[in-house]
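Undergrad: Going by our numbering, the first residue of the sequence shown is number 21, and it counts up by one from there.
Here you go, one structure.
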Amino acid sequence: MSVGDVPETVTAALADQQVEGQVCLEAGAGVGNTTAGLLAAGAKRVYAVTDDADHAATVRERVGDGNADRLAVVEADLRATPLGTGSVNLVTAHGLCNVLPPTALDAVAAELARVAKPDGHLVVDDYAVPPADGAVNRLFALENAAARAVDGRPALTFYPPAVLAAVFADHGWTVQRRKPLLDPVPWTEAHLNAHAVVVRGYADDLPDALGAPLTAMADDLVSAIGSERTGTMYSLAFRLAE
Ligand SMILES: C[S@@+](CC[C@H](N)C(=O)[O-])C[C@H]1O[C@@H](n2cnc3c(N)ncnc32)[C@H](O)[C@@H]1O
Numbered sequence: 021m022s023v024g025d026v027p028e029t030v031t032a033a034l035a036d037q038q039v040e041g042q043v044c045l046e047a048g049a050g051v052g053n054t055t056a057g058l059l060a061a062g063a064k065r066v067y068a069v070t071d072d073a074d075h076a077a078t079v080r081e082r083v084g085d086g087n088a089d090r091l092a093v094v095e096a097d098l099r100a101t102p103l104g105t106g107s108v109n110l111v112t113a114h115g116l117c118n119v120l121p122p123t124a125l126d127a128v129a130a131e132l133a134r135v136a137k138p139d140g141h142l143v144v145d146d147y148a149v150p151p152a153d154g155a156v157n158r159l160f161a162l163e164n165a166a167a168r169a170v171d172g173r174p175a176l177t178f179y180p181p182a183v184l185a186a187v188f189a190d191h192g193w194t195v196q197r198r199k200p201l202l203d204p205v206p207w208t209e210a211h212l213n214a215h216a217v218v219v220r221g222y223a224d225d226l227p228d229a230l231g232a233p234l235t236a237m238a239d240d241l242v243s244a245i246g247s248e249r250t251g252t253m254y255s256l257a258f259r260l261a262e
């Protein structure tokens, strides 16, 4: 039944939500931080959805043991989630929106409203636009350049809370509360290395003449930045119209 460590940002975001006994959808399961938080808080069932097979395997390995009756890890695109209409009490999207380009965000917001029960709840946690003088911006810009070169869309988009509130409002969600989760965000060497790994992944798909300098620039930026405390992470809680 153990679900491992739950980050403080997840615990803080869920603290004022009814989780116990609820059917939950973790939209964008990643490495399973929020899935672990939902299970630890007594969710009746958690659908952990990701389009990344490695993430799905990580979540199964991390929290699958002892939770088979409460956890379903689903590999699917959140723009067409294989869940019934009006089937979920609580949707969470922790760190999802920054990896959704604007073209996908609206479709995901619509789909999350479709699967939620009338009067259902949604918690969206994400990063605000980092301050212009943040050194991490240089690494994020490089990551976006590499992503655009490979598949024509950015890897990262930082949405101001008012923008996410407006996009979700278009699909029936009303903001119930907003609160800071991190201020500043501690971008550790491990976080920055994870972004360099993403750049390397794109570089592998490019001709060496382009990919090799991108990889070298990412590694140089990680060394130069080291770690940095900048920007904020926020949480928005919504309720769906009945
Ligand atoms: C940064 S991680 C989220 C972290 C996670 N919520 C946690 O608490 O650990 C983003 C996740 O969203 C997934 N994702 C991004 N776009 C998606 C889409 N269109 N459909 C399904 N999953 C998507 C990624 O594959 C990844 O698993």
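Note that beta-carbon positions come from the ideal geometry of N, C-alpha and C, so glycine has one too.
Based on the DSSP secondary-structure assignment, which residues constitute the bridge partners of S255?
TA: Answer is D145, K199, bridged to S255.
Undergrad: By Cβ distance below 7 Å, which residues in the same chain neighbour D239 in space, the five residues on each side in sequence not counted?
TA: Cβ neighbours of D239 beyond the five flanking positions: A216.
Undergrad: Comparing the CB of H114 with every heavy atom of ligand 1, is any distance shorter than 7 Å?
TA: H114 Cβ: within cutoff of ligand 1.
Undergrad: Pull up the DSSP beta-bridge partners for V94, would you.
TA: Paired residues: V69.
Undergrad: Give the C-beta separation of T194 and R259 to the nearest angstrom, bearing in mind that I take them to be a contact with Cβ-Cβ under 8 Å.
TA: Contact holds; Cβ gap of about 5 Å.
Undergrad: Assign S243 to buried or exposed, taking buried as 16 or more other Cβ atoms, counted over all protein chains shown, within 10 Å of its Cβ.
TA: Result: exposed.
Undergrad: By the three-class DSSP mapping on this structure, what secondary structure does D139 have?
TA: D139: strand per DSSP, three-state reduction.
Undergrad: On a Cα-Cα basis, can you pick out the residue from V143, G251, V26 that is closest to D153?
TA: Of the listed residues, the one whose Cα sits closest to D153 is G251.
Undergrad: Can you pull the DSSP bridge partners for P206?
TA: Answer is R249, bridged to P206.
Undergrad: With three or more C-beta pairs closer than 8 Å as the rule, is the stretch 96-108 touching the stretch 156-163?
TA: Not touching, per the Cβ criterion.
Undergrad: For D239, decide whether its Cβ has a neighbour in chain B, counting only Cβ atoms nearer than 8 Å.
TA: Of the protein chains in this structure there is only one, and it is not chain B.
Undergrad: Does the distance from the CB of V143 to the CB of Q37 come in under 8 Å?
TA: Yes, these two residues count as a Cβ contact at 8 Å.
Undergrad: Considering only the beta carbon of each residue, do L26 and A60 sit closer than 8 Å?
TA: The residue you asked about is not Leu; residue 26 is Val in the sequence shown. It is a contact, given that the beta carbons lie within the stated cut-off.
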